[in-house]
Amino acid sequence: MAYTSLLSFSVCLLVLFHGCCAQIDLVTNHHQDPPWGQPRQPQPRHQSQCQLQNLNALQPKHRFRSEAGETEFWDQNEDQFQCAGVAFLRHKIQRKGLLLPSFTSAPMLFYVEQGEGIHGAVFPGCPETYQSQSQQNIQDRPQRDQHQKLRRLKEGDVVALPAGVAHWIFNNGRSQLVLVALVDVGNDANQLDENFRKFFLAGNPQGGVVRGGQSRDRNQRQSRTQRGEREEEESQESGGNNVLSGFRDNLLAQAFGIDTRLARKLQNERDNRGAIVRMEHGFEWPEEGQRRQGREEEGEEEREPKWQRRQESQEEGSEEEEREERGRGRRRSGNGLEETFCSMRLKHRTPASSADVFNPRGGRITTVNSFNLPILQYLQLSAERGVLYNNAIYAPHWNLNAHSIVYITRGNGRIQIVSENGEAIFDEQVERGQVITVPQNHAVVKKAGRRGFEWIAFKTNANAKISQIAGRVSIMRGLPVDVLANSFGISREEAMRLKHNRQEVSVFSPRQGSQQ
């Protein structure tokens, strides 16, 4: 009896000891282990060589045409992309075009430059809680299809996608849908090398689309670059099948519970439509048939079906809750309770009403970061949308903790970038469709042309910060007058003018006599 009591006491003591150790480990690692298997925070980026003596505004180098659109890639071998550890691409999807389901090995941020559409992302293990009605009826009964959440895309939307999450995009608008995307191949979530990879789940896309325009033979690619050859347009290239095409058809049939004939169709061996195909079966939002040309947005919202209104209200509601929480001064703990895995918000809109900085005579700046789109905390990416009016200036500044990859969306302007040597490594006019990388800590200034200047900048930090050189919140305002006067060899009166002449925050209105 005594032996039994002693044994029971020993077992209880052992369990208690392990429980205490587990609790200590849980507390210690509370801020280190984010939900959903994301890399530990903060994420260390792959260090790349950033010996940039001269920068160029870049245009896409590779173009791949599909049945219902085209995909363009910027040259990933450019020094500025190698320095930032990113790849850059653009999709142009025609009306009724479907970008086939696919995923990448690294996190992605994309921006809707033009048009509207539908976006779907499928998270593993999450239920199909949304329904849409098919146009095809069986036995005179409409068929309802269950699927995961759909998101409506509009111009100005920023959408985040974790590595390995499959997604698709459909253009249900009346015009072309244009998306620009940054893939953060240098992110710690990408455990492969820093080459772009896109894994398609359907179709037979060109090999260049799968590899971001890169050749299978790296040596051949380098030799082409050295010869200065441009691959402006490429149509079809073999070897770019979807991931199902690599499986044996009989094993695929067993896995899906189908016959081998259907399994071979899934492999799409003879499909030459490319990565963007035309939707044949008329997938539409339920309210599409009720649209009337020129209808106001408020009227559209009133006629939207309940399930869609509920879906969008959840997104808008989450934004309101975040604003209220920040207003009350609550601190985000990052414990995964704010957004569950299956309902996390991927999209954030950037209308003029949500600008962080607004100058009625200069323009506005809107920031998308982990505070208004929490998933970015785990992707370690953010974005900045800028709009400058005629001849306005975005204050000279530097990025404290991120590279900034700038894509010009409208108008034209001048960008100047200065290195640590005090040399201007970029000082040129830029226009729509060009991309320029501003390396971390390099000083930059933007000035709009006569047509105004708009851009979207993708940044390699969840909460990218800038330090201004001029303006009301600049480093000059934080320095004593005597320090300024002695540093620049100027009088105290001149130092006072240097500190206080610009009372605007970040966007400066043009002064009289200002010229481009």
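Numbering (mature numbering (1 follows the signal peptide of the UniProt record, and there is no 0)) for the sequence shown: -22 to -1, 1 to 494.
Cβ coordinates follow ideal geometry from the N, Cα and C atoms, glycine included.
Q) For the beta strand (DSSP E) that contains valine 137, what are its first and last residues? A) 136 to 139
Q) From this set, Ala440, Arg455 and Lys74, which residue's C-alpha is nearest valine 483's C-alpha? A) Arg455
Q: Rank Ala241, Leu366, Leu351 and Val416 by C-alpha distance to the C-alpha of asparagine 379 and give the top, closest one.
A: Of the listed residues, the one whose Cα sits closest to asparagine 379 is Val416.
Q. According to DSSP, is histidine 381 helix, strand or coil?
A. coil
**Q.** Other residues of its chain near tryptophan 433: CB distance less than 7 Å, five sequence neighbours each side excluded
**A.** Gly364, Val384, Tyr385, Ile386 and Thr387
Q) When DSSP labels each residue in this structure, what does isoleucine 414 get in the three-state scheme? A) strand
(Q) Among Val221, Arg242 and Phe431, whose alpha-carbon lies nearest the alpha-carbon of alanine 231? (A) Arg242
Q | Euclidean distance between Cα positions of glycine 47 and alanine 448 | A | 44 Å
Q) Hey, how far is the Cα of phenylalanine 466 from the Cα of histidine 478? A) If you take the alpha carbons of phenylalanine 466 and histidine 478, they lie about 16 Å apart.
Q. Shortest alpha-carbon distance to isoleucine 147 belongs to which of Gln72, Tyr372 and Asn337?
A. Gln72
(Q) Suppose the cutoff is 8 Å on Cβ atoms and the five residues either side in sequence are ignored; what does the same chain contact list for alanine 159 look like? (A) Phe66, Leu67, Arg68, His69, Met86, Leu87, Phe88 and Tyr89
**Q.** For serine 83 and glutamine 169, the rounded distance between their alpha carbons
**A.** Looking at the two C-alpha atoms, the distance is approximately 8 Å.
Q: Report the three-state DSSP secondary structure of glycine 224 (helix, strand or coil).
A: helix
(Q) Check for me: the beta strand (DSSP E) holding valine 408 runs from which residue to which? (A) 402 to 409
Q) In terms of residue numbering, what span does the beta strand (DSSP E) encompassing glutamate 432 cover? A) 421 to 437
Q.
What would DSSP say about glycine 185, mapped onto helix, strand or coil?
A. helix
Q) Are the beta-carbon atoms of glycine 389 and glycine 340 separated by less than 9 Å? A) Result no, Cβ atoms of glycine 389 and glycine 340 do not sit closer than 9 Å.
Q. Between the C-alpha atoms of leucine 222 and aspartate 237, what's the straight-line distance to the nearest angstrom?
A. Rounded to the nearest angstrom, the two C-alpha atoms are 15 Å apart.
(Q) Strictly by DSSP, which residues pair up with tryptophan 146? (A) Gly98
Q) Nearest-angstrom Cα distance between glutamate 91 and glycine 103? A) 32 Å
Q. Can you tell me whether DSSP reads isoleucine 444 as helix, strand or coil?
A. strand
(Q) Do histidine 40 and glutamate 56 have their beta-carbon atoms positioned less than 9 Å apart in this structure? (A) Going by beta carbons, glutamate 56 and histidine 40 fall outside the 9 Å limit.
Q) What is the DSSP secondary structure of threonine 238, counted as helix, strand or coil? A) helix
Q) What's the call for isoleucine 453, buried or exposed, on a 16-neighbour Cβ count within 10 Å? A) exposed
Q) DSSP puts alanine 159 in a beta bridge; with which residues? A) Leu67 and Phe88
Q.
Tell me the rounded alpha-carbon separation between leucine 139 and leucine 476.
A. 44 Å
Q | Alpha-carbon to alpha-carbon, leucine 462 and residue 566 | A | As displayed, the chain neither begins before -22 nor continues past 494, which places residue 566 out of reach and without an answer.
Q: Could you give the DSSP three-state label for alanine 167: helix, strand or coil?
A: coil
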